[in-house]
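*Asks:*
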Amino acid sequence: MNDALKIYVSRDATALALGADATAQAIVAEAGKRGVAIELVRNGSRGMFWVEPLVEVATPAGRVAYGPVSATDVAGLFEAGFANAAPHALKLGLTEEIPYFKNQERLTFARVGLADPLSVDDYVAQGGYAGLANALAMSGADIVKEVTESGLRGRGGAAFPTGIKWKTVLGVESAQKYIVCNADEGDSGTFSDRMLMEGDPLSLVEGMTIAGVAVGATQGYIYLRSEYPHAHRALNAAIANAYAAGWLGADVHGSGRRFDLEVRLGAGAYICGEETSLLDSLEGKRGQVRFKPPLPAIKGLFGQPTVINNVISLASVPIILAKGAAFYRDYGVGRSRGSLPIQLAGNLKHPGLVEKAFGVTLRELLYDYGGGSYSGRPIRAVQVGGPLGAYMPESQFDTVLDYEAFAAVGAMLGHGGIVAFDDSVDMLEQARYAMEFCAVESCGKCTPCRIGSTRGVEVIDRIRSNIERDKNLVVLNDLCNTMRFGSLCALGGLTPDPVVSALKHFSEDFEVRA
Ligand SMILES: Cc1cc2nc3c(=O)[nH]c(=O)nc-3n(C[C@H](O)[C@H](O)[C@H](O)COP(=O)(O)O)c2cc1C
Ligand code: SF4
1 MNDALKIYVS RDATALALGA DATAQAIVAE AGKRGVAIEL VRNGSRGMFW
51 VEPLVEVATP AGRVAYGPVS ATDVAGLFEA GFANAAPHAL KLGLTEEIPY
101 FKNQERLTFA RVGLADPLSV DDYVAQGGYA GLANALAMSG ADIVKEVTES
151 GLRGRGGAAF PTGIKWKTVL GVESAQKYIV CNADEGDSGT FSDRMLMEGD
201 PLSLVEGMTI AGVAVGATQG YIYLRSEYPH AHRALNAAIA NAYAAGWLGA
251 DVHGSGRRFD LEVRLGAGAY ICGEETSLLD SLEGKRGQVR FKPPLPAIKG
301 LFGQPTVINN VISLASVPII LAKGAAFYRD YGVGRSRGSL PIQLAGNLKH
351 PGLVEKAFGV TLRELLYDYG GGSYSGRPIR AVQVGGPLGA YMPESQFDTV
401 LDYEAFAAVG AMLGHGGIVA FDDSVDMLEQ ARYAMEFCAV ESCGKCTPCR
451 IGSTRGVEVI DRIRSNIERD KNLVVLNDLC NTMRFGSLCA LGGLTPDPVV
501 SALKHFSEDF EVRA
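Numbering (this note's numbering), first residue to last: 1 to 514.
(1) How many angstroms separate the CA atom of residue 42 from the CA atom of residue 10?
(2) Going by the DSSP bridge assignment, what does residue 260 pair with across the sheet?
(3) May I ask you to report which of helix, strand or coil DSSP gives residue 467?
(4) Quick one, which of 462, 390, 395 and 31 has its alpha-carbon nearest residue 493's?
(5) State buried or exposed for residue 472, treating a residue as buried only when at least 16 other CB atoms are found within 10 Å of its CB.
(6) By a C-beta neighbour count over all protein chains shown, 10 Å radius and 16 as the cutoff for buried, is residue 72 buried or exposed?
(7) By how many angstroms is the C-alpha of residue 61 removed from the C-alpha of residue 36?
(8) Flag this pair as touching only if the region 348-364 and the region 168-178 have three or more C-beta atom pairs under 8 Å; answer yes or no.
(9) Considering Cα atoms alone, identify which of 304, 495 and 14 is closest to residue 174.
(10) Taking 8 Å as the cut-off, does the CB of residue 288 come closer than this to any heavy atom belonging to ligand 2?
(11) Mind checking whether the beta-carbon of residue 415 lies closer than 8 Å to any heavy atom of ligand 1?
(12) In chain order, what are the residues with a CB under 6 Å from some non-hydrogen atom of ligand 2?
(13) Using the three-state DSSP reduction, which class does residue 328 fall into: helix, strand or coil?
(14) Am I right that residue 445 and residue 288 are in contact with their C-beta atoms under 8 Å? What's the rounded C-beta distance?
(15) Distance, Cα to Cα, residue 1 vs residue 167?
(16) Assess contact between the region 179-194 and the region 215-234, defined as three or more Cβ pairs (one per stretch) separated by less than 8 Å. Is contact present?
(17) Whose C-alpha, out of 421, 393 and 441, is nearest the C-alpha of residue 374?
(18) Note down the Cα distance separating residue 337 from residue 315, rounded to an integer number of angstroms.
(19) Is it the case that the region 244-255 contacts the region 425-435, given that we only count it when at least three CB pairs across the two stretches are under 8 Å?
(20) Along the beta strand (DSSP E) that carries residue 343, what are the first and last residues, could you check?
Laid out in structure tokens, this is it:
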């Protein structure tokens with residue numbers, strides 16, 4: 001099949017939802033009918049969802065993209081000479097020259113979309129496992145130092161320095177330590193973990209193995225949300241292939257070091273993304289928040305020292321070990337170093353995955369990448385960082401993506417999900433939704449969250465119904481303070497952020513209604 005024409009169709013869940021399987025089948029059938037020899041590669045998504053199913057044809061000049069290609073478009077594409085990258089209404093040009101893609105800084109997502117995500121050979125050919133190979137020749141302390149110096153901070157939400165967490169685990173004496181990957185990805189508008197696990201699962205496998213080698217852990221678990229069946233299949237296949245190639249198991253790459261890895265499925269609770277609930281769930285218990293201290297780094301899974309990191313944090317480690325801390329740290333601004341895979345969602349013309357160095361503005365993301373609203377109406381509000389993130393008004397769109405800059409305006413970057421709303425949004429409804437979400441998802445351990453969120457819904461309902469509006473606005477503020485300062489974890493503690501920001505920036509939606 002060496003001179004066969006290489007055609008790429010993504011097997012990412014978004015592409016599948018938009019018909020990628022039917023498109024791929026139509027390509028195989030049409031090529032057979034016409035006697036065109038093709039090699040169809042099912043790759044990860046390039047992250048441009050509005051042109052999925054994206055079909056790419058390999059040419060000497062690079063990969064030429066067509067999209068969105070439905071099964072019924074395929075015969076016409078062959079007819080037009082698509083196999084020779086001929087012009088067609090759906091032709092988008094060289095993939096790497098499409099501005100949305102070209103202007104990104106893809107570090108963690110560098111390989112996503114390039115090849116078959118499950119092939120260890122493809123992974124190694126594209127620079128994979130160079131980081132682990134380097135790590136195996138280093139001491140645990142030196143690996144931890146490299147990660148610390150890269151400036152990498154946790155991408156799961158709290159932005160805690162990854163190297164510091166690893167150092168704590170390294171420093172604890174224990175016969176058994178664990179590496180746990182948080183793949184619960186519960187935030188609204190987020191999908192970078194999923195795309196990475198489907199599009200380059202071996203980078204997560206490699207990152208976890210490096211973490212194990214660094215801190216002296218021999219067992220890893222990926223805690224995956226059950227709503228990600230495609231990621232589940234991809235991870236299991238990638239892990240099996242890594243074992244077969246000697247990159248996992250009793251003798252990682254001939255080093256004499258052991259690292260074993262398994263996937264465990266969650267049962268669908270937002271709170272199981274919180275690290276201590278996740279550990280309880282992984283132990284087979286009902287997911288409920290643990291008191292801290294002790295930190296999971298000291299007493300985590302089954303009471304043993306545990307590194308727990310987000311998918312993107314762990315998948316960013318291989319490039320740091322392959323290219324050095326300075327390479328990674330050179331990207332970014334202030335204390336936000338490296339890059340962030342940003343997820344553009346909600347009412348946007350061009351939703352998708354954009355990996356940029358920290359420092360890009362929200363406005364650039366919404367308009368230069370996102371293309372403005374899908375509806376064509378003005379973007380009125382943006383929620384960044386999931387359901388507990390503040391609502392940001394237009395006056396804050398010039399905020400740069402930087403953990404501290406976001407905190408300075410009362411917002412948070414979280415896992416980098418951006419959800420846009422046009423001017424038809426009712427911000428009182430959004431505030432109510434925040435309280436309702438908290439009431440539904442509360443683990444029930446502490447009163448301010450368990451009871452406060454339900455009272456919050458009731459108070460907002462009274463405001464909406466003009467029942468003692470002014471008095472209830474005071475009660476709502478009081479309640480938010482109680483939840484913020486009295487909750488045991490960030491679910492109850494941050495729920496006031498979307499509520500208070502909606503009140504502060506969009507107070508007109510809380511006025512007396514007709
Ligand atoms: C309510 C709640 C939900 C969370 N959900 C997730 C999640 O889905 N994925 C994740 O990586 N971190 C989540 N976190 C953050 C984790 O508790 C923890 O900070 C993270 O796994 C640490 O990894 P990192 O340092 O690599 O970010 C959540 C936190 C809270 C309070
Ligand atoms: S804040 Fe909510 S989710 Fe967190 S521990 Fe308290 S009740 Fe559980």
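Yeah, the Cβ is synthetic: ideal placement off N, Cα and C, and Gly gets one too.
*Replies:* So, to answer that:
(1) Their Cα atoms are separated by approximately 5 Å.
(2) Per DSSP, the beta-bridge partners of residue 260 are 219.
(3) Shown here, residue 467 sits in coil according to DSSP, grouped into three states, outside any helix or strand.
(4) When each option's Cα is compared against that of residue 493, the closest is 390.
(5) Its Cβ being crowded by 16 or more others within 10 Å, residue 472 is buried.
(6) So residue 72 ends up on the exposed side.
(7) In a straight line, the C-alpha of residue 36 is about 20 Å away from that of residue 61.
(8) Output reads no: the region 168-178 does not touch the region 348-364.
(9) For the residues 304, 495 and 14, the minimum Cα distance to residue 174 belongs to 304.
(10) Under cutoff, so the answer is yes.
(11) True, at least one ligand heavy atom lies under 8 Å from that Cβ.
(12) So the residues near ligand 2 by this Cβ test are 271, 289, 442, 443, 444, 445, 446, 449, 450, 487, 488, 489, 491 and 492.
(13) Helix, per DSSP.
(14) The Cβ separation is near 6 Å, so the contact holds.
(15) Residue confidence for residue 1 is low, a pLDDT of 44 falling below 50, so the modelled location carries little weight; the figure read from the coordinates is stated next. Rounded to whole angstroms, residue 1 to residue 167 spans 49 Å at the Cα level.
(16) At 8 Å Cβ cutoff, the stretches touch.
(17) Minimum Cα distance to residue 374 is reached at 421.
(18) Each residue's alpha carbon lies about 15 Å from the other.
(19) Contact between the region 425-435 and the region 244-255 is not established, with fewer than three Cβ pairs separated by less than 8 Å.
(20) Per DSSP, residue 343 belongs to the beta strand (DSSP E) from 339-346.
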